[in-house]
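Single-structure report; data block below.
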Amino acid sequence: VLNPGDWLAEFENPSASSLLVDKHTIEVDAAAGATIWFKKKLSGDLIIAYDIAVIDSGGRNDRVSDLNAFWMASDPAYETPFGRNGKFISYDDLDLYYAGVGGNNNTTTRFRRYHHGTDKSILQEYTDKEHLLEGNKVYSVKIMVQDGRTTYSIDGVRYFEFTDTVPLKEGYFAFRTTRSRQRITNFRIEALSP
Numbered sequence: 009v010l011n012p013g014d015w016l017a018e019f020e021n022p023s024a025s026s027l028l029v030d031k032h033t034i035e036v037d038a039a040a041g042a043t044i045w046f047k048k049k050l051s052g053d054l055i056i057a058y059d060i061a062v063i064d065s066g067g068r069n070d071r072v073s074d075l076n077a078f079w080m081a082s083d084p085a086y087e088t089p090f091g092r093n094g095k096f097i098s099y100d101d102l103d104l105y106y107a108g109v110g111g112n113n114n115t116t117t118r119f120r121r122y123h124h125g126t127d128k129s130i131l132q133e134y135t136d137k138e139h140l141l142e143g144n145k146v147y148s149v150k151i152m153v154q155d156g157r158t159t160y161s162i163d164g165v166r167y168f169e170f171t172d173t174v175p176l177k178e179g180y181f182a183f184r185t186t187r188s189r190q191r192i193t194n195f196r197i198e199a200l201s202p
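For what it's worth, this note's numbering labels the leading residue of the sequence shown as 9, then goes sequentially.
In structure tokens, the structure reads:
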């Protein structure tokens, strides 16, 4: 069961955006950049899993693009990475893993590892239709962090795998998008026993 108090929205255009959280569903309606933080810090080996759909039914922000996520995000200068303005560039000074599925108007699917302020180069990228988005389709996302390696899978298909020389062992998770409406269910965190 979801607790609305566990979520923090950072919207680039807050007046035309909204976050609704009830016991079972998170709905993000973003007019521009948006980051929806899960406010509990995560650490150790774990799985982050959820079902998510990019809604395409004529709403003012409906656009099939940017089913994205940050995980193990931290700010070297502050206790938490919170308090930014929702613009993508405002997160450049964090350490984190990032997957952007169907970015750039649903033309690219990319993985990055941010090194606070110095590097966020693309480590893996797809442009084929199989790795892009369909509107209103529910995708099951599974992110795993284990033994210095992170993987990102959709519907049981591994999109990204990255073994980190300096692994991020703790930090925060966020849903990230820009100008789209997304509905998330079955969000859960599972600790992997050592």
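Don't be surprised by glycine CBs; every beta carbon is placed ideally from N, CA and C.
- Under the DSSP assignment, residue 111 falls in the alpha helix (DSSP H) whose first and last residues are 111-114.
- Annotation: the continuous beta strand (DSSP E) that includes residue 41 extends over 33-51.
- By alpha-carbon distance to residue 105, the top candidate from 183, 37, 66, 195 is 183.
- Under the three-state reduction of DSSP, residue 90 is assigned to coil, being neither helix nor strand.
- The beta carbons of residue 61 and residue 144 sit closer together than 8 Å.
- When DSSP states are grouped into helix, strand and coil, residue 138 belongs to the helix group.
- One Cα belongs to residue 35, the other to residue 175, and the distance between them is close to 31 Å.
- Taking C-beta atoms under 8 Å as the contact rule, residue 56 and residue 197 qualify, at a distance of about 6 Å.
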